[in-house]
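> Following the working numbering, the numbering of the sequence shown begins with 1 at its first residue and continues without gaps. Would you mind keeping the following structure in view while I ask a few things?
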Amino acid sequence: MKNLSVRRAVAGLSLAALAGVGLVGVPTAAHAAVEEAMIGGLNTVYSYNCEGEGSNWNEQDAVPWADDNVPVSKSTSHSTTFTGGEDDTVAATSSTTASITASPLGAAPATITGTAAATASALPSGAETDCAVTTQSFAIASGVFTLTQPTWVTVSATGKGQHQGQSAGTSIVGIGSADSFFGSWEGLFAGVGGDGLMISAGDRGTATSSTLLPAGTYGVLFGSIAFAGTDSDLPVRKVAGLQPAASDAVGGSATTSGSFKVEFSKPGTASPVTGKGAAKVQFGERDCASGNVAIHLTKKTVKQAKRVAVRVNGAKGQVLKGKSLKGKKPKAKTLLVPTSASGVTKVKVKITLANGRRVQATRSYLPCR
């Protein structure tokens, strides 16, 4: 899944440029599977025609994180006032905060969760200004890791934002091949075809997407981005989907925040069993060679049941009643339910009890390939 708007918004943020400021090449924690893992913020506040203490990449830093279930967070900020002519000033601020927690990666199941927030503002002292000011904030976490076997990856994001005047922002989460990741962040998102994905969440949006990744080395990134400025050539004007809230405004402010989750699961992984009949049915794991799912009915369940019906993705399957259910006398039974190993499968067991009460139990399985 691709989002050209966000890809263009992060264009030019090469990892080579960030290497000198500690945002890549962060020391790997002992015994951690994740490498080049960083969390931090990038604040850029500048004006090419007015005086003021600007901020650039080399004034920011980052801290490492590891896949050890230990939370890590980082905050950054910069503020300055640019001065043009008499009584012509622009107050510019940029700040970020981000957090991340990851369980051991490399062999599913594993989870990465995090939050990020970015603020940017460029507010002139009057109704007009001759100062061309741009502020950009990026609250970012990223890392590189190796999957030792094919793995299902699901990325999800929830975004919130408030924008006034000439400003914009979004929240993003993505995963892609390490080769693309080390070229540039734009390359990460441009290269997430069959082996990767990326989603974005806007001011009040949510998004989720899944893909089956082959074994290999990957980069993962999430974060929130905010832009604001007084310059008519503010970068967000050129980014489709990230247009300023008011094109005729002079200056603006933006606050963007997001929560993120990356889940890693083995092919064929089963969900928890749900339904009021969950205690009466035992679902086995999916056999990825055949696709079959074993369903076990205890002797007590067989004795209590009048009818047992199986459905696979809504389609009618095996039905047991009378002698096919109880035989000469009730005893435990195991049903072998055939499924397609290449698709998501939902197996539902409906049980009609001897007293007329009906209960059901459901379990879903990820594709095996």
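We put the beta carbon where it would ideally sit given N, CA and C, even for glycine. Note that this is a predicted model, so its numbers are computed, not measured.
1. How about ALA254 and GLY169: are their beta carbons less than 8 Å apart?
2. Can you name, in chain order, every residue of its own chain whose Cβ lies under 7 Å from the Cβ of GLY205, other than the five neighbours on each side?
3. Tell me whether VAL344 is buried or exposed, calling it buried when 16 or more other Cβ atoms sit within 10 Å of its Cβ.
4. Take the Cβ of SER224 as the centre, count every other Cβ of all protein chains shown within 10 Å, and call the residue buried at 16 or more, exposed below.
5. Taking 8 Å as the threshold (C-beta atoms), are VAL349 and VAL308 in contact?
6. Identify which residue in CYS288, GLN318, PHE283 and LYS329 has its Cα closest to the Cα of VAL302.
7. So what does DSSP say about SER99, is it helix, strand or coil?
8. Quick check on the burial criterion: 16 or more other C-beta atoms within 10 angstroms. Buried or exposed for LEU336?
9. Which residues bound the alpha helix (DSSP H) around THR301?
10. Can you tell me which of the three DSSP states LEU105 falls into?
11. To test your reading of the DSSP string, which unbroken beta strand (DSSP E) runs of 3 or more residues are found completely within the region 244-286?
12. Following the continuous alpha helix (DSSP H) through LEU325, name the residue where it begins and the one where it ends.
13. Between the region 67-75 and the region 43-50, do three or more beta carbon pairs fall short of 8 Å?
14. Does the separation of the CB atoms of GLY275 and TYR365 fall below 8 Å?
15. Following the continuous beta strand (DSSP E) through ALA132, name the residue where it begins and the one where it ends.
With the given structure in hand:
1. yes
2. GLY159
3. exposed
4. buried
5. yes
6. LYS329
7. strand
8. exposed
9. 299-304
10. coil
11. 252-265 and 281-286
12. 323-326
13. no
14. no
15. Premise fails: ALA132 is in no beta strand (DSSP E) and is neither H nor E.
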